[in-house]
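Visitor:
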Amino acid sequence: MNVMIFVSVYQAASLEAESLYGNYKNGNSSEDIAHNQKVADKAHEIWYQWMNETDINKIQKILELSLNALKNHTHNNRFRLDEFGNLSSLPQHIFEAEKSKAIDILSEILQGVKA
Numbered sequence: 013m014n015v016m017i018f019v020s021v022y023q024a025a026s027l028e029a030e031s032l033y034g035n036y037k038n039g040n041s042s043e044d045i046a047h048n049q050k051v052a053d054k055a056h057e058i059w060y061q062w063m064n065e066t067d068i069n070k071i072q073k074i075l076e077l078s079l080n081a082l083k084n085h086t087h088n089n090r091f092r093l094d095e096f097g098n099l100s101s102l103p104q105h106i107f108e109a110e111k112s113k114a115i116d117i118l119s120e121i122l123q124g125v126k127a
């Protein structure tokens, strides 16, 4: 679940970078690769700034963006070791339960910040 919260913050930072530099490109041209690297670098820079933020208003905005990114996160691309020690996809019901719990936690934090 902590991973889900961490990912939501990074996903929100990626969306913020895309809003500044444009969406990731699907092509293999050198321009597309350079563009994607620029967006990824900016996403990391934004994430790093957010992790060190101390302004309560900015923290509230980060939490709102992260909560929105988490609510819209529909792809279950997580893996785990199954009972036989093999890497397998995380079952959808576990993904949904973890996502729901992470949304609850972020919502509680956001309410605490707003209070």
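All letters in the sequence shown, in the order written, are residues 13 to 127 by my numbering.
Cβ atoms here follow ideal geometry from the backbone N, Cα and C, with glycine treated the same way.
What does Phe-91 pair with, by DSSP beta-bridge criteria?
Guide: DSSP, once it has assigned bridges, lists Ser-101 as partnering Phe-91.
Visitor: From what residue to what residue does the alpha helix (DSSP H) around Lys-54 run?
Guide: 42-63
Visitor: Taking all protein chains shown into account, do 16 or more other C-beta atoms lie within 10 angstroms of the C-beta of Met-63, making it buried, or fewer, making it exposed?
Guide: exposed
Visitor: How many Å lie between Asn-38 and Lys-50 at the Cα?
Guide: 14 Å
Visitor: Considering only C-alpha positions, which residue in the set Leu-79, His-105, Tyr-33 and Phe-96 is nearest to Arg-90?
Guide: His-105
Visitor: For the segment 14-25 against the segment 54-61, are there 3 or more C-beta pairs whose distance is under 8 Å?
Guide: yes
Visitor: Counting along the chain, where does the alpha helix (DSSP H) carrying Lys-83 start and finish?
Guide: Lys-83: member of the alpha helix (DSSP H) spanning 68-83, first to last residue.
Visitor: What are the boundary residues of the alpha helix (DSSP H) that Phe-7 is part of?
Guide: Since the first residue of the chain shown is 13 and the last is 127, residue 7 is not available in this structure.
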